[in-house]
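**Q** Protein chains in written order, with the working numbering: chain A, 42 to 443; chain B, 42 to 443. Heads up, the beta-carbon is just placed ideally off N, CA and C, and yes, glycines get one too. Dumping the structure here so I can ask a few things about it.
2 protein chains.
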Amino acid sequence: MAESGIDYSSLFAKNLPAASGRWGGFPKYNFIGGHNNPDEIPVEGLIEASARVLRQDGQSLATYNLSSGPLGYNGLRDFLVEKLAHYRQIRANSDEILITSGSNHAIDLMNQVLLEPGDTVITELFTYQGAVNRLRKLQVNVVGVPLDEDGMRMDALAMTLGDLQKQGVRPKYIYTIPTIQNPTGSILPVERRHELLRLSAEYRVPICEDECYADLIWDADMPESIRSLDPSNHVLHIGSFSKNLSPALRLGYILAPWEVLSQMLACKNDGGTGALGQMVVADYFQNNYRAHLDQLCASLKHKLDTLVKALQTHFGDAVSYDVPPGGIFLWVKFPEHIDTKKVEAAALAEGVAFNPGSDWAADPDAARNYLRLCFALASDEIIEEGIAKLAQVFRQETGVPE
Amino acid sequence: MAESGIDYSSLFAKNLPAASGRWGGFPKYNFIGGHNNPDEIPVEGLIEASARVLRQDGQSLATYNLSSGPLGYNGLRDFLVEKLAHYRQIRANSDEILITSGSNHAIDLMNQVLLEPGDTVITELFTYQGAVNRLRKLQVNVVGVPLDEDGMRMDALAMTLGDLQKQGVRPKYIYTIPTIQNPTGSILPVERRHELLRLSAEYRVPICEDECYADLIWDADMPESIRSLDPSNHVLHIGSFSKNLSPALRLGYILAPWEVLSQMLACKNDGGTGALGQMVVADYFQNNYRAHLDQLCASLKHKLDTLVKALQTHFGDAVSYDVPPGGIFLWVKFPEHIDTKKVEAAALAEGVAFNPGSDWAADPDAARNYLRLCFALASDEIIEEGIAKLAQVFRQETGVPE
Numbered sequence: 042m043a044e045s046g047i048d049y050s051s052l053f054a055k056n057l058p059a060a061s062g063r064w065g066g067f068p069k070y071n072f073i074g075g076h077n078n079p080d081e082i083p084v085e086g087l088i089e090a091s092a093r094v095l096r097q098d099g100q101s102l103a104t105y106n107l108s109s110g111p112l113g114y115n116g117l118r119d120f121l122v123e124k125l126a127h128y129r130q131i132r133a134n135s136d137e138i139l140i141t142s143g144s145n146h147a148i149d150l151m152n153q154v155l156l157e158p159g160d161t162v163i164t165e166l167f168t169y170q171g172a173v174n175r176l177r178k179l180q181v182n183v184v185g186v187p188l189d190e191d192g193m194r195m196d197a198l199a200m201t202l203g204d205l206q207k208q209g210v211r212p213k214y215i216y217t218i219p220t221i222q223n224p225t226g227s228i229l230p231v232e233r234r235h236e237l238l239r240l241s242a243e244y245r246v247p248i249c250e251d252e253c254y255a256d257l258i259w260d261a262d263m264p265e266s267i268r269s270l271d272p273s274n275h276v277l278h279i280g281s282f283s284k285n286l287s288p289a290l291r292l293g294y295i296l297a298p299w300e301v302l303s304q305m306l307a308c309k310n311d312g313g314t315g316a317l318g319q320m321v322v323a324d325y326f327q328n329n330y331r332a333h334l335d336q337l338c339a340s341l342k343h344k345l346d347t348l349v350k351a352l353q354t355h356f357g358d359a360v361s362y363d364v365p366p367g368g369i370f371l372w373v374k375f376p377e378h379i380d381t382k383k384v385e386a387a388a389l390a391e392g393v394a395f396n397p398g399s400d401w402a403a404d405p406d407a408a409r410n411y412l413r414l415c416f417a418l419a420s421d422e423i424i425e426e427g428i429a430k431l432a433q434v435f436r437q438e439t440g441v442p443e
Numbered sequence: 042m043a044e045s046g047i048d049y050s051s052l053f054a055k056n057l058p059a060a061s062g063r064w065g066g067f068p069k070y071n072f073i074g075g076h077n078n079p080d081e082i083p084v085e086g087l088i089e090a091s092a093r094v095l096r097q098d099g100q101s102l103a104t105y106n107l108s109s110g111p112l113g114y115n116g117l118r119d120f121l122v123e124k125l126a127h128y129r130q131i132r133a134n135s136d137e138i139l140i141t142s143g144s145n146h147a148i149d150l151m152n153q154v155l156l157e158p159g160d161t162v163i164t165e166l167f168t169y170q171g172a173v174n175r176l177r178k179l180q181v182n183v184v185g186v187p188l189d190e191d192g193m194r195m196d197a198l199a200m201t202l203g204d205l206q207k208q209g210v211r212p213k214y215i216y217t218i219p220t221i222q223n224p225t226g227s228i229l230p231v232e233r234r235h236e237l238l239r240l241s242a243e244y245r246v247p248i249c250e251d252e253c254y255a256d257l258i259w260d261a262d263m264p265e266s267i268r269s270l271d272p273s274n275h276v277l278h279i280g281s282f283s284k285n286l287s288p289a290l291r292l293g294y295i296l297a298p299w300e301v302l303s304q305m306l307a308c309k310n311d312g313g314t315g316a317l318g319q320m321v322v323a324d325y326f327q328n329n330y331r332a333h334l335d336q337l338c339a340s341l342k343h344k345l346d347t348l349v350k351a352l353q354t355h356f357g358d359a360v361s362y363d364v365p366p367g368g369i370f371l372w373v374k375f376p377e378h379i380d381t382k383k384v385e386a387a388a389l390a391e392g393v394a395f396n397p398g399s400d401w402a403a404d405p406d407a408a409r410n411y412l413r414l415c416f417a418l419a420s421d422e423i424i425e426e427g428i429a430k431l432a433q434v435f436r437q438e439t440g441v442p443e
């Protein structure tokens, strides 16, 4: 009988990421991770939806992809066609939509189809960590375009595209989060959306429009999606059910020209995205979308107010931020000399988790004196306590706030 | 405004697989794809489970991975600990189990951790298409070991390992489906399981034990899993909920030493496997596992009987097969001169889909005169009609049956 163990370290592939540690639970003051508001999970609504949709389509769970084929559950794609038309002015057919296991999965498939090591992708200078980490892992050159309070600066984008063209570089795509930009929370005005499309056409570079947060706007008018303004095929439009309902469900989607979608499908070798979540979300949102979003947004706005008050109380003028018109995060600026990354461990030791700005940027150094605070998960009490603790830690580690 | 479209073909990565076609629905006589029996989806049981588990844990849908961490939902891993102990004699802790989006996802993560182009993996000569295709795509050398009616031949495995050692090659793992082998349906006797572990230790090559079909045995005694016989860390044990419940749910798992699991976790950048399926399956199986499996197995055995009768009627002695003691497929042998792949298109034109043997083998040529028929999805009537049609097509295309 076998007695000596296998030495797996001698079998591992080269260049693996560092092994994961054992999971120790969430920190008490959890301002990271993009979680949602537990009080707004519509438990009874989901129970009703489950019963209804299982009675209707449950038997099709016996087949891969239900009876809907590899693009995903018909009911969910039908809901998206209506939702995109009604709220985002997008005319699409359900066979232009691919359901994915979260929006990151859509990004992965898009990257698999478009990218090779050495390629270039343009992003906003401050941007979603998951997108930029994926690009770095693929050895892709990430070029960040500066933002202002209205999102990506089109003058800077034009300059970047021109410079790259002079170097003989055609970027593979322009990644933007135009509507509740992550992490800054801005909304790109419609004029800039038109200009972005013009530049996309001029330089023959597609736009990846990531609208994961677009459902979570409470006050401002929402400009039409870039995809809705596109008369041709310039836009790969990504969305998610993580932010408008539940991140644990792992459901996202991409709306793309068939030329791209058919290649993504060929790379999607997962046997389909999990069916039960698709079925239940389709049924629930077909009946409850607007009411759920209204209530969720009201709760998020309240939490943001709580967060802003806590920051005013405990940080005063030491930090600055634009209060976003929606979303689940606040992007906080510290004085230039502060590197928030250096405070991360000390804060975590006190149970406070935040995203250092340098993790949320195409150029880490440019975001060194920022941090991102997610506010959807924490209760009012936890927000108040957590920000008080965070101020203590920053004072101790950096002298700011004084 | 943008008018000219993007030429995506000029942006695609090199070496993409062929683009997918539009999905045209399932063929009428569908003997492929590993689907399950629609009549045995426990719709009312799943509705009850959904209500119970959502009332209990629904709020945790607001957080990535519920409150269970990246290994997967605690309730499902707890169920697996009990199931593996009771039915497979495996002692495991829940933190040795990683829930994946189907068992192929477990294979993908294992491959990501262990494999590089040019590596070697040993499989059974006739084996699961999904496993061998993944290996080929990774440019891994696949070495097939012949089977007999009792599964992988240990004399042949010993010879293969010895030969590879002489060439200086240490295979990365031995992939086996020991319990209802795919596609042959055999069960590896316990003596061979011990011998396999001995060879694994001697040559320091881990075993990947894929037990996706082990729950679907109706008559035979099931030998203990290889993992249960292993006193050390030789076995990476994979299972699935696709075959014992529903493939559309996309739920599988791997039980592995933490050294391997922690590396797989680091590569699993999907934000967790979809939570709702995990929750509902955990609750349903905690209360209904044995009763469901008994009923499902009875229905599958009945369908297999129908299939065998239809083959006898329409093919007579022109084909041969070992009637398997479980599972959802039958491996059918034709005379040596027949290449079933050449009949695939003609059969499909008549609405009959089967798996040509050459797609289901480490060495395609060795399985050229075989085909695989999945019998769980089709009704008795469809099985009878479909096999009659299949015989017509084979007669027309090959002269067999006469």
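Applying the criterion that 16 or more other CB atoms from any shown protein chain within 10 Å of the CB defines a buried residue, is threonine 354 of chain A buried or exposed?
**A** Translated into positions along the first sequence, residue 354 of chain A becomes position 313. Looking at its Cβ environment, which holds fewer than 16 other Cβ atoms inside 10 Å, threonine 354 of chain A is exposed.
**Q** Only counting the same chain, and skipping five residues up and downstream in sequence, which positions put a Cβ closer than 7 Å to that of histidine 333 of chain B?
**A** Taking the first residue of the second sequence as position 1, residue 333 of chain B is located at position 292. Answer for histidine 333 of chain B: Pro83, listed in chain order.
**Q** At what residue ranges does the segment 88 to 112 of chain A contain a whole run of the alpha helix (DSSP H), taking only runs of 4 or more?
**A** Within the segment 88 to 112 of chain A, no complete alpha helix (DSSP H) run reaches 4 residues.
**Q** What would DSSP say about aspartate 189 of chain A, mapped onto helix, strand or coil?
**A** Residue 189 of chain A sits at position 148 when you count from the first residue of the first sequence. Aspartate 189 of chain A: strand per DSSP, three-state reduction.
**Q** Please name the residue, chosen from B:Glu425, B:Asp404, B:Glu422, B:Leu389, that lies closest to glutamate 438 of chain B on a Cα-to-Cα basis.
**A** In the second sequence, residue 438 of chain B corresponds to position 397, counting from 1. Of the candidates B:Glu425, B:Asp404, B:Glu422, B:Leu389, the one whose C-alpha sits nearest the C-alpha of glutamate 438 of chain B is B:Leu389.
**Q** How would you write the range of the beta strand (DSSP E) that tryptophan 401 of chain A sits in, first residue to last?
**A** The sequence position of residue 401 of chain A within the first sequence is 360, counting from 1. Looking at the DSSP string, tryptophan 401 of chain A is not in any beta strand (DSSP E), and its letter there is neither H nor E.
**Q** Is glutamate 44 of chain A close to chain B, meaning its C-beta is less than 9 Å from at least one C-beta of that chain?
**A** Numbered from its first residue, the first sequence carries residue 44 of chain A at position 3. Unreliable placement is indicated for glutamate 44 of chain A, whose pLDDT of 49 sits below 50; the coordinate value is still reported in the next sentence. It does; some Cβ of chain B falls within 9 Å.
**Q** Please confirm whether phenylalanine 435 of chain B has its beta-carbon closer than 9 Å to some beta-carbon of chain A.
**A** Start at 1 with the first residue of the second sequence, and residue 435 of chain B comes out as number 394. It does not; no Cβ of chain A falls within 9 Å.
**Q** Name the DSSP beta bridge partners of tyrosine 244 of chain B, please?
**A** Position 203 of the second sequence, counted from the first residue, corresponds to residue 244 of chain B. Answer by DSSP bridge pairing: none, since tyrosine 244 of chain B is not bridged.
**Q** Please report the distance separating the alpha-carbon of valine 184 of chain A from that of tyrosine 362 of chain A.
**A** The sequence position of residue 184 of chain A within the first sequence is 143, counting from 1. The sequence position of residue 362 of chain A within the first sequence is 321, counting from 1. Whole-angstrom Cα-Cα distance: 24 Å.
**Q** In chain A, what lies closer than 9 Å to threonine 314 of chain B by C-beta?
**A** For this step, residue 314 of chain B is matched to residue 273 along the second sequence. Neighbours of threonine 314 of chain B on chain A, chain order: Ser142, Arg291, Gly315.
**Q** For leucine 166 of chain B and asparagine 174 of chain B, I'd like the C-alpha separation in whole angstroms.
**A** As a first step, residue 166 of chain B is located in the second sequence; it is residue number 125 there, counting from the start. As a first step, residue 174 of chain B is located in the second sequence; it is residue number 133 there, counting from the start. Rounded to whole angstroms, leucine 166 of chain B to asparagine 174 of chain B spans 13 Å at the Cα level.
**Q** With a threshold of 8 Å, are at least 3 pairs of Cβ atoms found where one atom belongs to the segment 218 to 235 of chain A and the other to the segment 82 to 97 of chain A?
**A** The segment 218 to 235 of chain A vs the segment 82 to 97 of chain A: no contact.
**Q** With 8 Å as the limit, tell me which residues of the segment 82 to 108 of chain A have their beta carbon closer than that to any beta carbon of chain B; keep them in chain order.
**A** Hits within the stretch, in order: Ile82, Val84, Leu87, Ile88, Ser91, Ala92, Leu95, Arg96, Gly99, Gln100, Ser101, Leu102, Ala103, Thr104, Tyr105, Asn106, Leu107, Ser108.
**Q** Roughly how many angstroms separate the alpha carbons of phenylalanine 282 of chain A and phenylalanine 67 of chain B, rounded to a whole number?
**A** In the first sequence, residue 282 of chain A corresponds to position 241, counting from 1. In the second sequence, residue 67 of chain B corresponds to position 26, counting from 1. Answer to the nearest angstrom: the Cα atoms are 29 Å apart.
**Q** DSSP state of arginine 409 of chain A, grouped into three classes?
**A** Counting from one through the first sequence, the residue named residue 409 of chain A turns up at place 368. If DSSP states are grouped into helix, strand and coil, arginine 409 of chain A belongs with coil.
**Q** When DSSP labels each residue in this structure, what does cysteine 308 of chain B get in the three-state scheme?
**A** As a working mapping, residue 308 of chain B is identified with position 267 in the second sequence. The answer is helix: DSSP assigns cysteine 308 of chain B an H, G or I state.
**Q** Go ahead and label alanine 297 of chain A buried or exposed: buried means 16 or more other beta carbons lie within 10 angstroms of its beta carbon, across all protein chains shown.
**A** The residue given as residue 297 of chain A occupies position 256 in the first sequence. Alanine 297 of chain A comes out buried.
**Q** Verify the CB distance criterion: does proline 111 of chain B have a CB-CB separation below 9 Å to chain A?
**A** By one-based count along the second sequence, residue 111 of chain B stands at place 70. Proline 111 of chain B counts as touching chain A.
**Q** At a Cβ threshold of 9 Å, is glutamine 222 of chain B touching chain A?
**A** Here residue 222 of chain B is taken as the residue at index 181 of the second sequence, counted from 1. False, the Cβ-Cβ gap to chain A never drops below 9 Å.
**Q** Work out the CA separation of glycine 113 of chain B and serine 227 of chain A for me, nearest whole Å.
**A** On the first sequence, residue 227 of chain A is found 186 positions in, with the first residue counted as 1. On the second sequence, residue 113 of chain B is found 72 positions in, with the first residue counted as 1. Cα to Cα, serine 227 of chain A sits roughly 34 Å from glycine 113 of chain B.
**Q** Going along the chain, which residues of its own chain have a beta-carbon closer than 8 Å to the beta-carbon of alanine 197 of chain A, five neighbours each way excluded?
**A** One-based indexing of the first sequence puts residue 197 of chain A at position 156. So the qualifying residues of the chain are Val186, Pro187.
**Q** In angstroms, rounded to a whole number, what distance separates the CA positions of histidine 146 of chain A and glycine 110 of chain A?
**A** Here residue 146 of chain A refers to the residue found at position 105 of the first sequence. Here residue 110 of chain A refers to the residue found at position 69 of the first sequence. Cα to Cα, the separation comes out at about 18 Å.
**Q** What would DSSP say about cysteine 249 of chain B, mapped onto helix, strand or coil?
**A** Taking the second sequence and counting its residues from 1, the one referred to as residue 249 of chain B is at position 208. In this structure, cysteine 249 of chain B counts as strand in the three-state DSSP scheme.
**Q** Helix, strand or coil: which one does DSSP assign to histidine 76 of chain B?
**A** For the purposes of this step, residue 76 of chain B is identified with residue 35 of the second sequence, where counting begins at 1. Coil, per DSSP.
**Q** So, does the CB of aspartate 446 of chain B fall closer than 9 Å to a CB anywhere in chain A?
**A** Residue 446 of chain B is absent from the model: chain B starts at 42 and stops at 443.
**Q** Would glutamate 443 of chain B be called buried (16 or more neighbouring beta carbons within 10 Å of its own) or exposed?
**A** Within the second sequence, numbered from 1, the residue matching residue 443 of chain B stands at position 402. That one is exposed.
**Q** Extract the residue ranges of the beta strand (DSSP E) inside the segment 138 to 173 of chain B, only unbroken runs of 3 or more that lie entirely within it.
**A** 138 to 141, 161 to 165, all fully within the segment 138 to 173 of chain B.
**Q** Please state the DSSP three-state secondary structure of leucine 57 of chain A.
**A** Against the first sequence, residue 57 of chain A aligns to sequence position 16. Leucine 57 of chain A falls in the coil class under three-state DSSP.
**Q** Of all Cβ atoms in chain A, is any one closer than 9 Å to the Cβ of serine 50 of chain B?
**A** As a first step, residue 50 of chain B is located in the second sequence; it is residue number 9 there, counting from the start. Judged by the 9 Å Cβ criterion, serine 50 of chain B is in contact with chain A.
**Q** Buried or exposed for proline 376 of chain B, going by 16 or more other Cβ atoms inside 10 Å?
**A** Along the second sequence, read from residue 1 onward, the residue named residue 376 of chain B stands at position 335. Proline 376 of chain B should be labelled exposed.
**Q** List the residues of chain B that glutamine 208 of chain A touches, going by C-beta distances under 9 Å, in chain order.
**A** Against the first sequence, residue 208 of chain A aligns to sequence position 167. Within chain B, no residue comes near glutamine 208 of chain A; the closest Cβ sits about 17 Å away, beyond 9 Å.
**Q** Does DSSP classify valine 322 of chain B as helix, strand or coil?
**A** Along the second sequence, read from residue 1 onward, the residue named residue 322 of chain B stands at position 281. Three-state result, valine 322 of chain B: helix.
**Q** The alpha helix (DSSP H) spanning histidine 127 of chain B covers which residue range?
**A** Within the second sequence, the letter at position 86 stands for residue 127 of chain B. Taken as a continuous stretch (DSSP letters only), the alpha helix (DSSP H) holding histidine 127 of chain B covers 115 to 129.
**Q** Going along the chain, which residues of its own chain have a beta-carbon closer than 8 Å to the beta-carbon of lysine 344 of chain A, five neighbours each way excluded?
**A** Walking along the first sequence from the start, residue 344 of chain A turns up at place 303. Hits under 8 Å: Asn78, Phe416, Ala417, Ala419, Asp421, Ile424.
**Q** Considering Cα atoms alone, identify which of B:Lys213, B:Asn310, B:Ala133, B:His235 is closest to methionine 193 of chain B.
**A** By 1-based counting over the second sequence, the position of residue 193 of chain B is 152. Ranking the options by Cα distance to methionine 193 of chain B, first place goes to B:His235.
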